[in-house]
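K.L.:
First the structure, which I've put down as structure tokens, then a few questions once you've had a look.
What follows is the structure, encoded as structure tokens:
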């Protein structure tokens with residue numbers, strides 16, 4: 133926990149080692165500095181608001197930007213610093229960095245939400261599949277009976293197409309909600325990435341997207357299901373392609389997709405695109421089923437169902453992995469995936 137003491141003139145009198153790490157500022161440089169030279173304006177305003185009030189004041193989950201331009205979340209306590217004669221000689225500030233804990237809480241809440249929605253989705257999907265099959269069958273029967281009718285034929289064809297679209301959504305729901313019964317074995321993530329990119333090679337070339345691969349040699353295997361992992365990468369690559377197509381309307385420039393793998397205590401994959409980015413208000417909802425920003429059909433592309441990232445999240449969880457996204461509007465998006473590795477990387 134970061135601890136510092138401040139005198140009545142707002143000069144720093146004490147600065148412990150955790151504060152050195154958190155603010156990237158050695159003790160020798162921090163001592164006798166005014167708080168305004170160290171703290172961001174938001175925290176300084178809160179300090180001045182409560183510094184002359186009695187008792188301990190707490191700031192819960194305060195968003196703090198450090199001198200190193202890192203955004204952290206912290207619980208902060210501001211208390212009077214009292215001498216042996218019970219005179220207030222300054223303030224003591226305790227900063228508990230809970231950024232990692234907050235992220236884990238968010239992941240747990242998301243996992244619990246996905247589990248509940250998954251149970252609901254399974255029931256809904258099975259109930260919807262039956263009437264869809266009936267509608268599709270009778271529509272195709274009618275189509276055969278009115279074959280050659282220029283008025284009714286196109287109408288029935290549209291009904292059939294929309295039935296298939298609804299069926300795709302239902303299948304997505306089933307994939308999202310289905311618990312894994314598939315076989316898990318030693319899996320080469322690099323090979324799955326290469327195979328998936330090969331499948332999409334024509335689409336990327338048609339969209340004038342340059343693909344760069346930086347795959348670590350001798351990447352350790354993970355325990356996984358190749359089919360499900362290919363679905364993960366397929367969803368992420370197609371989303372990147374769509375984001376770059378959307379971004380092309382706002383600015384012209386090279387379109388690129390970069391895929392990299394490395395070992396950092398786990399098998400790590402990063403997927404970076406130069407697309408339109410994700411708006412901050414959407415970042416927390418991108419894994420929610422049926423949430424999509426692809427609401428309009430563009431250039432012959434289908435509208436989004438909002439299930440791709442929901443399914444992706446579920447598969448990552450099944451593999452005991454993690455998924456994290458960083459994005460800036462107009463500058464692109466990077467997805468980071470982490471998987472437990474079966475054995476350590478070989479030394480080259």
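Residue numbers (the working numbering): 133 to 480.
Using N, Cα and C, we set each Cβ at its ideal position, and we do this for glycine too.
If you follow the beta strand (DSSP E) that residue 214 is in, where does it begin and where does it stop?
P.N.:
Position 82 of the chain shown, counted from the start, is the residue given in the question as residue 214. 203-214 is the extent of the beta strand (DSSP E) around residue 214.
K.L.:
Roughly how many angstroms lie between the CA atoms of residue 362 and residue 408, to the nearest whole one?
P.N.:
Stepping through the chain shown from its first residue, residue 362 is reached at position 230. Stepping through the chain shown from its first residue, residue 408 is reached at position 276. About 24 Å.
K.L.:
What do you reckon, are the CB atoms on residue 319 and residue 354 nearer than 8 Å?
P.N.:
Along the chain shown, read from residue 1 onward, the residue named residue 319 stands at position 187. Along the chain shown, read from residue 1 onward, the residue named residue 354 stands at position 222. Yes, the pair counts as a contact, with Cβ atoms nearer than the cut-off.
K.L.:
Taking buried to mean at least 16 other C-beta atoms within 10 Å of its own C-beta, is residue 360 buried or exposed?
P.N.:
Against the chain shown, residue 360 aligns to sequence position 228. By the 10 Å Cβ count, residue 360 comes out buried.
K.L.:
Is the segment 411-421 close to the segment 438-453, with three or more CB pairs under 8 Å?
P.N.:
Verdict: yes, contact present.
K.L.:
Could you please give me the residues that DSSP links to residue 358 through a beta bridge?
P.N.:
Within the chain shown, numbered from 1, the residue matching residue 358 stands at position 226. DSSP lists no partner for residue 358.
K.L.:
Residue 388 bridges to which residues according to DSSP?
P.N.:
By one-based count along the chain shown, residue 388 stands at place 256. Residue 388 pairs with 342.
K.L.:
Leaving out the 5 sequence neighbours to the left and right, which residues in its chain are closer than 6 Å to residue 112 when beta-carbon positions are compared?
P.N.:
The chain is shown only over 133 to 480; residue 112 falls outside these bounds and no answer can be derived.
K.L.:
Determine, using beta-carbon pairs with one atom in the segment 179-195 and one in the segment 257-275, whether at least three such pairs fall under 8 Å.
P.N.:
With a cut-off of 8 Å, the segment 257-275 and the segment 179-195 do not count as touching, because too few Cβ pairs lie within range.
K.L.:
Going by alpha carbons, who is nearest to residue 374 out of 162, 410, 348 and 207?
P.N.:
Taking the chain shown and counting its residues from 1, the one referred to as residue 374 is at position 242. The option with the nearest alpha carbon to residue 374 is 410.
K.L.:
Hey, how far is the Cα of residue 295 from the Cα of residue 333?
P.N.:
Locating residue 295 in the chain shown gives position 163, where the first residue counts as 1. Locating residue 333 in the chain shown gives position 201, where the first residue counts as 1. Distance between the alpha carbons of residue 295 and residue 333 is about 30 Å.
K.L.:
By the three-class DSSP mapping on this structure, what secondary structure does residue 182 have?
P.N.:
Reading the chain shown from its first residue, position 50 is the one you call residue 182. Residue 182 falls in the helix class under three-state DSSP.
K.L.:
For the beta strand (DSSP E) that contains residue 406, what are its first and last residues?
P.N.:
Along the chain shown, read from residue 1 onward, the residue named residue 406 stands at position 274. Neither: residue 406 is in no beta strand (DSSP E) and is coded neither H nor E.
K.L.:
Starting from the C-beta of residue 205, find all residues in its chain whose C-beta is less than 8 Å away, skip the five residues before and the five after it, and write them out in chain order.
P.N.:
Sequence index remark: in the chain shown, residue 205 carries index 73 (1-based). Correct list, in chain order: 193, 194, 195, 196, 229, 230, 231 and 234.
K.L.:
Rounded to a whole number of angstroms, what is the C-alpha to C-alpha distance between residue 134 and residue 227?
P.N.:
Here residue 134 is taken as the residue at index 2 of the chain shown, counted from 1. Here residue 227 is taken as the residue at index 95 of the chain shown, counted from 1. Spanning the two alpha carbons is a distance of roughly 5 Å.
K.L.:
How about residue 167 and residue 176: are their beta carbons less than 8 Å apart?
P.N.:
The residue labelled residue 167 in the question sits at position 35 within the chain shown. The residue labelled residue 176 in the question sits at position 44 within the chain shown. For residue 167 and residue 176, yes; Cβs fall inside 8 Å.
K.L.:
Among 466, 347 and 281, whose alpha-carbon lies nearest the alpha-carbon of residue 455?
P.N.:
Here residue 455 is taken as the residue at index 323 of the chain shown, counted from 1. Taking only the C-alpha atoms, the option nearest residue 455 is 466.
K.L.:
Counting along the chain, where does the beta strand (DSSP E) carrying residue 138 start and finish?
P.N.:
As a working note, residue 138 is residue 6 in the chain shown. Start and end: 134-138.
K.L.:
To the nearest whole angstrom, what separates the beta carbons of residue 222 and residue 236, a pair I think is in contact under 8 Å?
P.N.:
Translated into the one-based positions of the chain shown, residue 222 becomes position 90. Translated into the one-based positions of the chain shown, residue 236 becomes position 104. Contact doesn't hold; Cβ gap of about 35 Å is too wide.
K.L.:
Could you have a look at residue 188 and say whether DSSP puts it in helix, strand or coil?
P.N.:
Position 56 of the chain shown, counted from the first residue, corresponds to residue 188. Reduced to three states, the DSSP call for residue 188 is coil.
K.L.:
Across which residues does DSSP place residue 285 in a beta bridge pair?
P.N.:
As a working note, residue 285 is residue 153 in the chain shown. Paired residue(s): none; residue 285 is not in a bridge.
K.L.:
When we look at the beta-carbon of residue 172 and count the other beta-carbons within 10 Å, is it buried (16 or more) or exposed?
P.N.:
As a working mapping, residue 172 is identified with position 40 in the chain shown. So residue 172 counts as exposed.
K.L.:
Just the C-alpha distance for residue 240 and residue 449, rounded to the nearest angstrom, thanks.
P.N.:
As a first step, residue 240 must be located in the chain shown, where it is residue number 108. As a first step, residue 449 must be located in the chain shown, where it is residue number 317. If I take the Cα positions, the gap works out to 11 Å.
K.L.:
Leaving aside the five residues before and after residue 464 along the sequence, list all residues of the same chain whose C-beta is less than 7 Å from its C-beta, in chain order.
P.N.:
The residue labelled residue 464 in the question sits at position 332 within the chain shown. If we look at residue 464 and ignore the five residues flanking it on each side, its Cβ neighbours are 404, 405, 406, 407 and 409.
K.L.:
With a threshold of 16 other CB atoms inside 10 Å of the CB of residue 459, please say whether the residue is buried or exposed.
P.N.:
Residue mapping note: residue 459 aligns to position 327 of the chain shown, counting from 1. So residue 459 counts as buried.
K.L.:
Can you tell me the Cα-Cα spacing of residue 161 and residue 338, whole angstroms?
P.N.:
Position 29 of the chain shown, counted from the first residue, corresponds to residue 161. Position 206 of the chain shown, counted from the first residue, corresponds to residue 338. If I take the Cα positions, the gap works out to 56 Å.
K.L.:
Nearest-angstrom Cα distance between residue 398 and residue 286?
P.N.:
Counting from 1 along the chain shown, the entry for residue 398 is found at position 266. Counting from 1 along the chain shown, the entry for residue 286 is found at position 154. Approximately 54 Å, taken between the alpha carbons.
K.L.:
Where does residue 191 land, buried or exposed, given buried means 16+ other C-beta within 10 angstroms?
P.N.:
Reading the chain shown from its first residue, position 59 is the one you call residue 191. So residue 191 ends up on the buried side.
K.L.:
On the DSSP letters alone, give me the boundaries of the alpha helix (DSSP H) that residue 474 sits inside.
P.N.:
For the purposes of this step, residue 474 is taken as residue 342 along the chain shown, with counting starting at 1. Per DSSP, residue 474 belongs to no alpha helix (DSSP H) and is neither H nor E.
K.L.:
Quick one: residues in its chain with C-beta nearer than 7 Å to the C-beta of residue 340, no 5 flanking neighbours on either side, listed in chain order?
P.N.:
Walking along the chain shown from the start, residue 340 turns up at place 208. 387.
K.L.:
Compute the Euclidean distance between the alpha carbons of residue 299 and residue 264, then round it to the nearest angstrom.
P.N.:
Taking the chain shown and counting its residues from 1, the one referred to as residue 299 is at position 167. Taking the chain shown and counting its residues from 1, the one referred to as residue 264 is at position 132. Roughly 7 Å between the two C-alpha positions.
K.L.:
Please classify residue 140: is it buried, with 16 or more other beta-carbons within 10 angstroms of its beta-carbon, or exposed?
P.N.:
For the purposes of this step, residue 140 is taken as the residue at position 8 of the chain shown. Exposed.
K.L.:
Can you look up residue 195 in the DSSP assignment and give me helix, strand or coil?
P.N.:
In the chain shown, counting from the first residue as 1, residue 195 sits at position 63. It is a strand residue.
K.L.:
Please return the same chain residues whose Cβ sits closer than 8 Å to the Cβ of residue 289, not counting the five positions on each side in sequence.
P.N.:
In the chain shown, residue 289 corresponds to position 157, counting from 1. Around residue 289: 275.
K.L.:
So, helix, strand or coil for residue 334, using DSSP?
P.N.:
Translated into positions along the chain shown, residue 334 becomes position 202. Three-state DSSP puts residue 334 in a helix.
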